[in-house]
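Student:
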Amino acid sequence: MHFGKVWLFHSVLLILLLSVQSDDKFKLAFLESINAYRYLHDSPPLILDKNISKLAQEEAFRLCQRKDARVIPFEETHLFSNLTCHALKPLKCISEWYNEGANYNYNRHSPSHFTLMIWKSSKYIGIGYCSDLQDIIHVVVKIYPPGNGIGQFRENIKPLFNQCTILTPNCFVAVLSLIIIYISVKACILNL
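All residue numbers for the sequence shown refer to the numbering used here, where the first residue is 7 and numbers rise by one.
1) Do valine 147 and isoleucine 163 have their C-beta atoms within less than 8 Å of each other?
2) For the beta strand (DSSP E) that alanine 35 lies in, which residues bound it at each end?
3) What does the Cβ neighbour count give for tyrosine 112, buried or exposed, with the cut at 16 atoms within 10 Å?
4) Starting from the C-beta of isoleucine 53, find all residues in its chain whose C-beta is less than 8 Å away, skip the five residues before and the five after it, and write them out in chain order.
5) Tell me whether the beta-carbon of glycine 134 lies closer than 8 Å to the beta-carbon of glutamate 38.
6) Which word fits asparagine 168, buried or exposed, when buried means at least 16 other C-beta atoms lie within 10 angstroms of its C-beta?
7) Looking only at its own chain, which residues have a Cβ that is under 6 Å from the Cβ of proline 152, when we skip the five neighbours before and after it?
8) Can you tell me whether arginine 44 is buried or exposed, with buried defined as 16 or more other CB within 10 angstroms of its CB?
9) Alpha carbon to alpha carbon, how far is arginine 114 from histidine 144? Give it in angstroms, no decimals.
10) Would leucine 97 and isoleucine 142 be called neighbours here (beta carbons separated by less than 8 Å)?
11) Return helix, strand or coil for lysine 164, following the three-state DSSP convention.
12) Could you tell me which residues DSSP pairs with serine 137 in its beta bridges?
13) According to DSSP, alanine 93 sits in a beta bridge with which residue or residues?
14) When you compare the CB of leucine 46 with every CB in chain C, is at least one pair closer than 8 Å?
15) Please report the residue range of the alpha helix (DSSP H) in which glutamine 71 lies.
16) Taking 7 Å as the limit between beta carbons, can you name the residues of its chain near isoleucine 124, skipping five residues before and five after?
17) Taking only three categories from DSSP, how would you classify serine 127?
18) Which residues in the same chain as tyrosine 104 place their Cβ atom closer than 7 Å to its Cβ, once the five residues preceding and following it in sequence are excluded?
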């Protein structure tokens with residue numbers, strides 16, 4: 007099946023799933039938002055893994071219990087890429103991570119949240135979150151296999167599809183997916 011068709015299916019599925027109230031809607035919105043950005047860079051969608059999510063959830067609970075929640079000693083750093091977010095509206099963290107790539111030099115290969123998020127060879131994701139006493143939501147994202155590997159940037163970090171300078175089918179599907187996800191998230195999860 008063509009990657010664009012799969013992506014469009016994921017977007018439609020997101021709308022349907024977000025209309026159902028469930029405990030997993032946050033994780034699904036987070037996952038699909040990250041995958042929309044990955045698609046723009048020719049990276050396949052990540053798959054939500056329950057075991058990795060359990061590890062991420064444990065770390066998120068640890069974050070909520072710490073006085074200095076911005077610093078956390080991650081376990082298994084050699085196994086996973088770790089992204090954290092501390093915000094009232096944590097879905098904005100995804101766009102902040104992605105925006106780190108606005109001036110990314112594809113010839114220099116510097117590691118960042120942006121590169122971890124779109125790392126092509128990563129396949130699985132775990133998402134955990136909790137809210138502290140100040141109503142700050144702490145999100146921990148674990149990605150496997152880990153990204154930002156030395157000497158692996160060229161094959162794992164790709165620029166935007168043709169920089170989307172012309173409306174190719176791939177670029178159109180990517181933009182449409184982002185619009186669908188944005189509207190779905192705004193309509194169904196305004197408090198995120």
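Don't be surprised by glycine CBs; every beta carbon is placed ideally from N, CA and C.
Tutor: From the atom records:
1) Contact annotation: valine 147 and isoleucine 163 have beta-carbon atoms that are not nearer than 8 Å.
2) Taken as a continuous stretch (DSSP letters only), alanine 35 belongs to no beta strand (DSSP E), being part of the alpha helix (DSSP H) at 31-46.
3) Counting the other CB atoms within 10 Å of its CB gives tyrosine 112 a total below 16, which places it among the exposed residues.
4) Same-chain partners within the cutoff: Lys129, Tyr130, Ile131.
5) With a cutoff of 8 Å on beta-carbon distance, glycine 134 and glutamate 38 are scored as not near each other.
6) In this prediction, asparagine 168 has a pLDDT of 48, which is less than 50 and means its spatial position is unreliable; what the coordinates show is noted afterwards. Classification of asparagine 168: exposed, given that the 10 Å Cβ count is below 16.
7) So the qualifying residues of the chain are Phe86, Ser87.
8) Arginine 44 is buried by the Cβ-count criterion.
9) For histidine 144 and arginine 114, the distance between alpha carbons rounds to 31 Å.
10) No, Cβ-Cβ distance for leucine 97 and isoleucine 142 is not below 8 Å.
11) Three-state DSSP puts lysine 164 in coil, outside helix and strand.
12) Paired residues: Ile143.
13) In DSSP, alanine 93 forms a bridge with Ile143.
14) The structure shown contains no chain C; it holds only a single protein chain.
15) Annotation for glutamine 71: the continuous alpha helix (DSSP H) segment containing it runs 56-71.
16) So the qualifying residues of the chain are Tyr43, Arg44, His47, Ser49, Ile163.
17) Shown here, serine 127 sits in coil according to DSSP, grouped into three states, outside any helix or strand.
18) Beyond the five residues adjoining it in sequence on each side, tyrosine 104 comes within less than 7 Å, by CB distance, of Tyr43, Phe120, Met123 in the same chain, given in chain order.
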